[in-house]
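J.: In my numbering, the protein residues as written are 108 to 349.
All C-beta atoms in this analysis are idealised placements derived from N, C-alpha and C, irrespective of residue type, glycine included.
Bear in mind the structure is a predicted one, so any value in this text is a computation, not a measurement.
(1) Which one of 145, 326, 171 and 291 has the shortest CA to CA distance from residue 151?
(2) So, with DSSP's three-state summary, where would you put residue 111?
(3) So, helix, strand or coil for residue 266, using DSSP?
(4) Taking just the CA atoms, how far does residue 288 sit from residue 198?
(5) What do you get for residue 321, buried or exposed, if any count of 16 or more other CB atoms within 10 angstroms of its CB means buried?
(6) Are residue 138 and residue 148 closer than 7 Å when you measure CB to CB?
(7) Looking at C-beta atoms only, is the number of pairs between the region 118–136 and the region 202–211 that lie closer than 8 Å three or more?
(8) Provide the residue span of the beta strand (DSSP E) that contains residue 81, from first to last.
(9) If we ignore side chains and look at the alpha-carbon of each, how far apart do residue 111 and residue 134 end up?
(10) Under 7 Å Cβ to Cβ from residue 334, same chain only, skipping five residues before and after it: list those, please.
(11) Looking only at its chain, what residues have a beta carbon closer than 7 Å to the beta carbon of residue 337, apart from the 5 residues adjacent to it on each side?
(12) Which residue marks the beginning of the alpha helix (DSSP H) containing residue 222, and which one marks its end?
(13) Count the other CB atoms, across all protein chains shown, that sit within 10 Å of the CB of residue 267; report buried if there are 16 or more and exposed otherwise.
(14) Hey, quick one: how far does the beta strand (DSSP E) through residue 152 stretch, first residue to last?
(15) What are the boundary residues of the alpha helix (DSSP H) that includes residue 165?
(16) So residue 187 is in the beta strand (DSSP E); what residue range does that whole segment cover?
(17) By the DSSP assignment, the alpha helix (DSSP H) with residue 129 in it spans what residues?
(18) Helix or strand or just coil, what does DSSP make of residue 337?
(19) Might you give, ordered along the chain, the residues of its own chain that have their beta carbon closer than 6 Å to the beta carbon of residue 274, omitting 5 neighbours on each side?
(20) Quick one: residues in its chain with C-beta nearer than 7 Å to the C-beta of residue 341, no 5 flanking neighbours on either side, listed in chain order?
(21) Is the beta carbon of residue 220 sitting closer than 7 Å to the one on residue 236?
(22) Which word fits residue 283, buried or exposed, when buried means at least 16 other C-beta atoms lie within 10 angstroms of its C-beta?
(23) What are the residues that DSSP puts in a beta bridge with residue 240?
Shown next, in the form of structure tokens:
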């Protein structure tokens with residue numbers, strides 16, 4: 108459905124994020140052809156098949172207005188995943204940080220983990236990423252700065268980016284990703300895989316009034332686990348694995 112400048116689409120799980128990015132590009136091209144600058148935000152709801160459609164549509168409006176626009180500063184993508192018991196996770200990012208060219212970075216990361224799952228052999232096949240993501244909440248709690256009170260500046264992180272990457276890379280390799288793989292991944296290889304994951308787990312806010320591109324975006328030092336869990340959800344195509 109398209110009405111005015113709004114688009115509503117029902118899509119397969121694996122196509123939703125990339126479709127949102129494609130719609131955004133069409134909008135940018137259309138306005139750009141007229142010499143106009145415009146932004147477009149998107150809300151993607153991954154819902155259980157038994158959830159009422161009216162509830163999902165109502166929540167999509169809130170996700171778009173309150174999260175993509177208000178919290179992230181417009182021109183952003185916001186995602187929620189719903190399970191039968193309620194909301195499972197939420198993630199949002201300005202488009203400029205969410206995209207690698209025309210590709211959604213989360214989709215790229217999910218494809219990477221899905222390939223790694225397919226590579227692992229033996230009794231742990233298709234389980235390594237579950238082991239890695241199971242521990243990631245605990246690791247993020249360790250890596251994050253102490254929570255500050257409302258209105259106070261954010262404290263510095265306990266570990267710098269390099270240390271955080273190294274710690275997660277050790278967990279990644281220990282999860283079994285090298286089982287059946289030749290050549291084996293090394294720490295540096297794991298760090299390169301995980302660096303974009305960390306970037307997508309740090310909330311970024313866009314200031315729509317700021318003209319200086321170097322000051323337009325503010326990245327938090329905190330790591331939010333929902334970004335990583337969304338990658339796992341996409342890699343497993345929404346299927347829970349024990």
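T.: Well, looking at it:
(1) Indexing the chain shown from 1 puts residue 151 at position 44. For residue 151, the nearest C-alpha among the options comes from 171.
(2) Locating residue 111 in the chain shown gives position 4, where the first residue counts as 1. DSSP places residue 111 in coil when its eight states are reduced to three.
(3) On the chain shown, residue 266 is found 159 positions in, with the first residue counted as 1. Three-state result, residue 266: coil.
(4) Position 91 of the chain shown, counted from the start, is the residue given in the question as residue 198. Position 181 of the chain shown, counted from the start, is the residue given in the question as residue 288. Distance between the alpha carbons of residue 198 and residue 288: 32 Å.
(5) For this step, residue 321 is matched to residue 214 along the chain shown. The residue is exposed, with fewer than 16 neighbouring Cβ atoms inside 10 Å.
(6) On the chain shown, residue 138 is found 31 positions in, with the first residue counted as 1. On the chain shown, residue 148 is found 41 positions in, with the first residue counted as 1. No, Cβ-Cβ distance for residue 138 and residue 148 is not below 7 Å.
(7) yes
(8) This structure cannot settle anything about residue 81, because the visible part of the chain is limited to 108 through 349.
(9) Your numbering for residue 111 matches position 4 in the chain shown. Your numbering for residue 134 matches position 27 in the chain shown. Between residue 111 and residue 134, the C-alpha separation is close to 12 Å.
(10) As a working mapping, residue 334 is identified with position 227 in the chain shown. 198, 307 and 308.
(11) Here residue 337 refers to the residue found at position 230 of the chain shown. So the list reads 186, 188, 196, 198 and 213, once near-sequence residues are dropped.
(12) Looking up residue 222 in the chain shown gives position 115. Residue 222 -> alpha helix (DSSP H) spans 212–226.
(13) In the chain shown, residue 267 corresponds to position 160, counting from 1. Label assigned to residue 267: exposed.
(14) Position 45 of the chain shown, counted from the first residue, corresponds to residue 152. Per DSSP, residue 152 belongs to the beta strand (DSSP E) from 149–153.
(15) Here the question's residue 165 lines up with position 58 in the chain shown. Where residue 165 is concerned, the enclosing alpha helix (DSSP H) stretches over 160–169.
(16) Taking the chain shown and counting its residues from 1, one reaches residue 187 at position 80. Its beta strand (DSSP E) spans residues 183–190.
(17) Numbered from its first residue, the chain shown carries residue 129 at position 22. It spans 123–139 - the alpha helix (DSSP H) in which residue 129 sits, taken as one unbroken run.
(18) In the chain shown, the residue the question calls residue 337 occupies position 230. Of the three classes helix, strand and coil, the one that applies to residue 337 here is helix, per DSSP.
(19) In the chain shown, residue 274 corresponds to position 167, counting from 1. Here the set comprises nothing.
(20) Here residue 341 refers to the residue found at position 234 of the chain shown. Excluding sequence neighbours, residue 341 sits near 213, 214 and 217.
(21) As a first step, residue 220 must be located in the chain shown, where it is residue number 113. As a first step, residue 236 must be located in the chain shown, where it is residue number 129. Closer than 7 Å, so yes.
(22) To locate residue 283, count along the chain shown from 1; it is residue 176. So residue 283 ends up on the buried side.
(23) The count along the chain shown starts at 1 and reaches residue 240 at position 133. DSSP output for residue 240 lists no bridge partner at all.
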